[in-house]
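So the sequence lines, in the order shown, correspond to chains P and R.
Position 201 (the first sequence) corresponds to 285 in the working numbering; numbering is contiguous.
Position 74 (the second sequence) corresponds to 109 in the working numbering; numbering is contiguous.
I have placed the structure first, in the form of structure tokens, so that the comments after it can refer back to it.
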Amino acid sequence: MSDLMCVACGVRYAYDIDPCTFCGASLTEGEPSPAIVLAVTRVDTPSTGHEDAPYWCALVKSAQGAQAIIKFDRPVEVDDEVSTSVSGTVRTYVVGIVGSGVMARGLSEMLLFRGHRVVWVGRSIGRLESARDMVADRLSRVMDETELDAAMSHCSVSPSFDALATCDVVVEAVIEELIPKHETLLAIERELPSHVYLATNTSSLPLDALSDGMSIPERFGGLHFFNPPTRMRLVEVVRAPATVDATEEFLCEFAQVVGKVPVRVAAGPGFVVNRVLMPLLNEAVRALEDGIADAESIDEAVRLGLNHPMGPLALADLIGLDVVVSIMQDLHARLGDEAYAPRPMLLALVAERRLGRKTRSGFYEYA
Amino acid sequence: MLGYVLGVGKTRFGPSSHAMPRLAHEAIWAALADSGLAITDIKAFVVANFLGGPNESQLHLNSVVAGLFPGHRIPGWRVEAACASGGVALHQALAMLGTYDPVLVVGVERLSGPPGGVLTHNIGMAGDVGLDQAAGLTFPASYALVAQRHMERYGTTTADFDAVSLKNHHNARMNPLAHFHHKTVTQADIDAGPTVAAPLRLFDCCPVSDGAAAAVISACPRGVRSIAVLGSAVSTDVISLAQRAEHTTFPAASDAAAEAYRQAGVGPGEVDMAEVHDCFTIAELVAIEDLGLAKPGEAAALTQSGATALGGSIPVNASGGLKAGGHAIGATGVGQVYELVRQLRGEAGERQVASPRIGVSHNVGGVGGTCAVHILGRRS
């Protein structure tokens, strides 16, 4: 929020405006200062955007007289001094993003939109620059030129991992394959001071294998964002065998500050979402193989009957059938459950290079 | 004299399967019949509504309402001022009387559509998107903060809140159009209610209702059943508690009350009954103080004394209020005037206040961002 004051009239404004509506004088921004809780209520009923009830809403007042409503995930009491700055903006992080694919772009866009700094590293400076241009183009649809310039000035690109040394946290988002991911993580870690947290955005690779050989595996964990990260609210915060509490706490707090809802999970195969999703996708394919219904009907039944926003076959097409098969094969190998063994129709489509939307053909045809 | 209420109509407030047009029609038809006028006599209309867009995907409500009288093409528009939409619409209609006469005012709302979490969010749109909504300050949470401040400053207790709730539920049992007409509420029910936003529990909160209410107004009375509008005032304040120095009173309400009393040439001591905006029990106590019916901090004692009950010296919310009568948001402010008109005419049946001459209605939007106060008087 803003805390703007007219020195001439003494009027306070909660909105980012200028000049004073009464006298035309230029408004000045209040200094951030500690605030005292005037009143607080514990909210027990969840609502859209605030599903995390119970939480606490406090009316706070700073020494300068600025007031705000602040949400807490813990009890606070009247007269408590709270550190959250009344007039300042939310905390900003310097975040390292490694990779230049879809997830890396989405993460950079989401972070820059929210005012964080991004140090973007990848092997090819050319690909990074074109990825950065794509992000700028996306942001230009929701920001004016001044805002866009400010946001993009917070984004630096580099082909060298040593640029990541100034970050608070680095999120690795390179190709979803064990060997390149592992090598990249080790190369990043060598350049990081000991206080910088390191996270992988893997959706299913084993974290113990990814952290093998790290010098400080305690500061490493998983931050599994979902595509597109600008819109999907979940982050699976994954605890690897060596991850310490402080790392898990930081990753959860980071996820919350960037506007996500963290769910803590152990480093088991597929975490929660893919572990639950893959048998569903596989079963939808089996229903199609068995002639229970056509693809459109299966998707419509699941959408309307289970209240999913998208049917499983359309979702598989969106994820990419090769990616789906690879995740299923990995989960099948590690869990040993036939529910995860990709169905013959899925394997056949991949063999025909019908991989879903990206090849314009999968369970559906795309124009 | 600002004008006269020629006729009023109201649906039951409460869950309904009827769409907004049918709800509005029921209230309009009743108000026209009550006024003795035909729809073709009406020269303009104002529709009060809050959440037609988010809840029902329906905006452009003036044109929807025009579909209730096809071919009778007259000026009409929608007023939105959160929960004060109805009172503000009535004020606006009165201000228009020099140009159009008579004017129809109809408030309509449907709240039973969206699931709970979505509805809570939508109602939260009455708060500032950045200052309040971002912090999860739901509507009950806003009033919970007011309650906390009031308790701290004046020693008000949850037992005082319970007294408001019990009184209004008692009154609603005598109002066939009330949301909780069929429900008896005891102290044990209140004690068993879950906390919504501390210290407010379930029975401190009004229900969300579907419903409509309508009134026909004119500069000229039509016979003895017309009720005079002696005062009509609206005041608008900043939207968030975070923008206000005072949290135990709503300056917009006390300002609007002062202006309405000035117009009417009466003081709070001459008011015989009040219909106030008790969206939460604490809100009734704040309303009583803002209207000057009790000094700041003394509404709880006034309530505990029985003075605000039916048969007391200043009955408050004889209808059951929002708390038990129901809160069909856009219709609420018009519904309050419906109650005053019926009471002032002596037509309120079982819940009739003993020969009231002057009644006041108090309709609040958000957590005091808007307030409309009307003072109505029996002729003669």
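A virtual CB, placed ideally from N, CA and C, is assigned to each residue, including glycine.
Everything numeric in this text was worked out from a predicted model, so none of it was measured.
Going by CA-CA distance only, name the one from the options that's closest to residue i.
i                 : options                                : result
Glu115 of chain R : R:Gln339, R:Pro149, R:Asn84            : R:Asn84
Leu402 of chain P : P:Val202, P:Pro353, P:Ile181, P:Tyr448 : P:Tyr448
His434 of chain R : R:Gly401, R:Val395, R:Phe80            : There is simply no residue 434 of chain R to check, as chain R begins at 36 and stops at 415 in what is shown.
Ala335 of chain R : R:Gly327, R:Pro234, R:Val199, R:Gln371 : R:Val199
Arg427 of chain P : P:Val321, P:Glu333, P:Asp164, P:Glu367 : P:Glu367
Ala109 of chain P : P:Pro118, P:Leu88, P:Val178, P:Arg126  : P:Leu88
Leu361 of chain P : P:Ala423, P:Arg198, P:Ser214           : P:Ala423
Ala254 of chain R : R:Ala213, R:Lys78, R:Ala73             : R:Lys78
Lys178 of chain P : P:Ala330, P:Asp233, P:Ser214, P:Val342 : The amino acid at residue 178 of chain P is misidentified as Lys; the sequence shows Val. Residue P:Val342 is the option with its Cα nearest to Val178 of chain P.
Val254 of chain P : P:Leu276, P:Ser295, P:Arg317           : P:Leu276
Val410 of chain P : P:Pro353, P:Glu373, P:Ile376           : Checking the sequence, you will find Ser at residue 410 of chain P rather than Val. Measuring from the Cα of Ser410 of chain P, the nearest candidate turns out to be P:Pro353.
Report buried or exposed for residue i, applying the criterion of at least 16 other Cβ atoms within 10 angstroms of its Cβ.
i                 : result
Pro301 of chain P : buried
Ser354 of chain R : buried
Ala249 of chain P : exposed
Thr416 of chain R : Limits of chain R in this structure are 36 at one end and 415 at the other, which puts residue 416 of chain R out of reach.
Arg274 of chain P : exposed
Gly412 of chain R : buried
Phe106 of chain P : exposed
Leu390 of chain P : exposed
Cys118 of chain R : buried
Ala435 of chain P : exposed
Cys141 of chain P : buried
Lys45 of chain R  : buried
Ser390 of chain R : exposed
Can you pull the chain P residues whose beta carbon is under 7 Å from the beta carbon of residue i, in chain order?
i                 : result
Gly401 of chain R : Under the 7 Å cutoff, chain P gives no residues; its nearest Cβ is about 13 Å from Gly401 of chain R.
Ala170 of chain R : Cys141, Ile153, Ile154, Lys155
His156 of chain R : Ser131, Thr132, Gly133
What are the boundary residues of the beta strand (DSSP E) that includes residue i?
i                 : result
Lys330 of chain R : Neither: Lys330 of chain R is in no beta strand (DSSP E) and is coded neither H nor E.
Met308 of chain R : 308 to 310
Ala350 of chain P : 345 to 350
Glu187 of chain R : Where Glu187 of chain R is concerned, there is no enclosing beta strand (DSSP E), although the alpha helix (DSSP H) it sits in stretches over 174 to 189.
Glu256 of chain P : 253 to 256
Ala248 of chain R : 246 to 253
Thr125 of chain P : 119 to 127
Thr271 of chain R : 262 to 271
Measure from the C-beta of residue i to each C-beta in chain R and report whether the shortest distance is under 9 Å.
i                 : result
Leu122 of chain P : yes
Ser131 of chain P : yes
Arg126 of chain P : yes
Val162 of chain P : yes
His134 of chain P : yes
Ala147 of chain P : no
Arg387 of chain P : no
Ala257 of chain P : no
Arg96 of chain P  : yes
Could you give the first and the last residue of the continuous alpha helix (DSSP H) run that contains residue i?
i                 : result
His266 of chain P : 262 to 275
Arg380 of chain R : 364 to 380
Gln387 of chain R : Gln387 of chain R -> no alpha helix (DSSP H), and no H or E assigned at all.
Ile63 of chain R  : 55 to 70
Asn398 of chain R : It is not in any alpha helix (DSSP H) - Asn398 of chain R instead sits in the beta strand (DSSP E) that spans 393 to 400.
Using a C-beta to C-beta distance shorter than 8 Å, which residues of chain R count as neighbours of residue i?
i                 : result
Glu337 of chain P : Under the 8 Å cutoff, chain R gives no residues; its nearest Cβ is about 17 Å from Glu337 of chain P.
Compare the C-beta of residue i against all C-beta atoms of chain P and say whether one is closer than 9 Å.
i                 : result
Ser92 of chain R  : no
Ser275 of chain R : yes
Pro242 of chain R : no
Asp418 of chain R : Within the shown structure, residues of chain R are numbered from 36 to 415, placing residue 418 of chain R beyond reach of any answer.
Gln387 of chain R : no
Ala117 of chain R : no
Thr230 of chain R : yes
Glu187 of chain R : yes
Gly151 of chain R : yes
Gly404 of chain R : no
Ala233 of chain R : yes
Pro286 of chain R : no
Gly159 of chain R : yes
Gln298 of chain R : no
Asp136 of chain R : no
Thr173 of chain R : yes
Ala335 of chain R : no
Arg184 of chain R : yes
What residues from chain P crowd round residue i, counting only those whose CB sits closer than 9 Å?
i                 : result
Leu180 of chain R : Leu122, Ala123, Val124, Thr125, Cys141, Ala142, Leu143, Ile153
Mind pulling the chain P residues with CB within less than 8 Å of residue i?
i                 : result
Leu411 of chain R : Per Cβ cutoff of 8 Å: no residues; Leu411 of chain R is ~35 Å from chain P at best.
His282 of chain R : Leu122, Ala123, Leu143
Leu212 of chain R : Going along chain P, no residue has its Cβ under 8 Å from Leu212 of chain R, so there is no contact; the nearest lies around 28 Å.
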